[in-house]
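Below is one structure, written out as C-alpha cells; the observations come after it.
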Amino acid sequence: YKVIFSGIQPTGIPHLGNYVGALREWKRLQDRAGPGTKLLFCIVDMHALTSPRPAEELKKGRLEMLASLLAIGIDPKKSTIFFQSSVPAHTELQWILSCTASTGYLSRMTQWKVINHGAADILLYQTTHVPVGDDQRQHVEFTRECATNFNHAYKMRCLIPPNTMSTISRRIMSLTDPLKKMSKSDLSGKTRISIIDTPDQITRKINRVRTDNFPTIQYDPINRPGAANLIRIMAAFDPKGRTVDQLGEEMTGKKYSELKDVVTPLVIDGLAGLSERYEHFISDPEKLLDIARAGGVVARAMADETMRQVRELVGTTPV
Ligand code: ATP
Ligand code: MG
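No gaps in the numbering here: position 12 of the sequence shown is 486 in UniProt numbering, and each next residue is one more.
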C-alpha cells in the first residue's frame, strides 16, 4: 500500500512553478494510482498564518486554491482534498514531535517552526510518499529525521519515515530575477505566470522576461540563469519530452527573442483550459466548502488512527 501526501499554501493562485513542480505531478499520481494507494492533498491554511493577513483574505485564498486544484483535475472522488485546519491533530503531533526533534538539526534550519509543522502534516497520515518540488526536498528529509527520532525515543516503529518522490522538473525561477524562485507570495505578479493567466498575459510576461547580458543562447545555469530558466520551462512543456540538456543544445546560438517565441506557445498550450475550469469551480463557493468538509472528515479519521497509537505510546491517552 501507499499513502501519498502533499500540501500547498493558500497564498495565491498557483503559478507555473507550482504546476510543473508539484500540481501536475499530483494529477498524474492520481491518474496512475492503483486500489492500494491513498492520496491526500492538503491546503495548509495553518502554515499560511506565518505571514498574517486579514481573515477574509485567507478564507478566499483557501477557496481559490481548492478551485485551482479541481481545475487541474484533482478529483475529490479519487483524492482527499482538505484544509489543514480541519484536522486539529496537526498541532498536537507537532508539539509531540518537537519534544524529540534533535536540536542540532533544528538549529541548522532557518525556518524550523514551519518545517517542523510540515513534518507533523506528513507523519499524521502514515504517509509513505511525498511529491514536492525541488525547493522542499529538505523538508521531507527533516520529516524522516523527526519520525526516526521519535521512534527511537519511544523504542517503537510507530511513525513512518516518508520517501521523497522526485518530480522531473526542476525549480522554476522568477521572471524578473532568475536567481529567485518563482513564488506565490512574491508581491509582484510580474514575477510569475499564473495558471489562469490569459494567452495575452502569458505572451507579455514572457516577452518581458529578464534575460542575461549575452546576445545568444547557451544552456549555462551559472552564467546565464535567465536563458536556463526559459529552457527549463520549455522542457517542462516539450511535447517530445526532451531534456533540458537536449533543448539547451538545440537552442544554442539562437537569439533570446527566438527562444521566447518558442516558449510562449508551449506555455499557452500547456495551460489551456485551466482558466475556464477555474472560473467554473470558483463560481460555486458552497460546493467548494462541501468538498473541503467531506475531505476533512476522511483526513480526521486517518489522523485519529495515528494519534491513537501516538498517545498510547507517549502516555497521553485521553481519560
Ligand atoms: P509561497 O511563496 O506562499 O511559499 P510557493 O510558490 O513557494 O508559495 P508553496 O505553497 O510553498 O508555493 O509550495 C507548493 C508546491 O510547489 C511545493 O511542492 C513546492 O515544492 C512547489 N514549488 C513552489 N515553488 C516552485 C518553483 N518555483 N518551482 C518548482 N516547484 C515549486
Ligand atoms: Mg513556498
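The beta-carbon is built from N, C-alpha and C at its ideal position, and this holds for glycine as well. All values reported here derive from a predicted model rather than from experimental measurement.
Between the CA atoms of residue j and residue i - distance to the nearest angstrom
| i | j | result |
| --- | --- | --- |
| glutamate 760 | leucine 704 | 39 Å |
| alanine 545 | phenylalanine 515 | 14 Å |
| lysine 512 | lysine 734 | 40 Å |
| arginine 631 | threonine 617 | 15 Å |
| threonine 791 | arginine 782 | 7 Å |
| threonine 726 | tyrosine 693 | 7 Å |
| residue 447 | glycine 592 | Residue numbering for the chain in the displayed model covers 475 to 793; residue 447 lies beyond these limits and cannot be assessed. |
| serine 525 | lysine 728 | 42 Å |
| cysteine 620 | valine 784 | 14 Å |
| arginine 767 | tyrosine 493 | 24 Å |
| lysine 658 | valine 793 | 44 Å |
| proline 652 | glycine 789 | 50 Å |
| lysine 534 | threonine 485 | 10 Å |
| proline 562 | leucine 649 | 38 Å |
When the options are compared against residue i, the one with the closest alpha-carbon
| i | options | result |
| --- | --- | --- |
| tyrosine 752 | Leu571, Gln692, Leu543, Gly744 | Leu543 |
| isoleucine 517 | Leu763, Glu566, Leu748 | Leu763 |
| alanine 594 | Pro636, Tyr628, Thr738, Thr485 | Pro636 |
| arginine 678 | Ser668, Asp686, Asn687 | Ser668 |
| alanine 627 | Leu733, Ser525, Thr574, Glu538 | Thr574 |
| histidine 603 | Thr717, Ile742, Trp500 | Trp500 |
| valine 477 | Met776, Val788, Met708 | Met776 |
| valine 736 | Val793, Pro652, His754, Ala701 | Ala701 |
| residue 455 | Gly481, Val788, Arg611, Thr685 | A question about residue 455 goes unanswered here, because the residues of the chain that appear run from 475 up to 793. |
| tyrosine 475 | Ile634, Glu732, Gln483 | Ile634 |
| arginine 498 | Ala710, Glu786, Thr554 | Ala710 |
Per-residue burial, residue i [other beta carbons within 10 Å of its own, 16 or more giving buried]
| i | result |
| --- | --- |
| aspartate 505 | exposed |
| alanine 541 | buried |
| aspartate 778 | exposed |
| isoleucine 696 | exposed |
| glutamate 538 | buried |
| alanine 746 | exposed |
| aspartate 743 | exposed |
| threonine 738 | buried |
| lysine 629 | exposed |
| arginine 706 | buried |
| histidine 489 | buried |
| histidine 754 | exposed |
| phenylalanine 557 | buried |
Whole-Å CB distance - residue i paired with residue j, under 8 Å assumed
| i | j | result |
| --- | --- | --- |
| proline 673 | alanine 496 | Not quite, the Cβ-Cβ distance comes to about 23 Å (not below 8 Å), so this is no contact. |
| isoleucine 691 | tyrosine 730 | 7 Å |
| proline 550 | isoleucine 765 | 5 Å |
| arginine 716 | glycine 491 | With 8 Å as the limit, arginine 716 and glycine 491 do not qualify as a contact, their Cβ atoms being about 20 Å apart. |
| aspartate 609 | lysine 655 | 6 Å |
Proximity test, Cβ basis, 8 Å: residue i and chain C
| i | result |
| --- | --- |
| threonine 617 | No chain C is present in this structure, which holds just one protein chain. |
Problem set entry | Those residues, in chain order, that have a beta-carbon closer than 5 Å to some heavy atom of the ligand ATP | Ile482, Gln483, Thr485, Gly491, Asn492, Gly495, Ala496, Val606, Gly607, Asp609, Gln610, Arg645, Ile646, Lys655, Met656, Ser657, Lys658, Ser659
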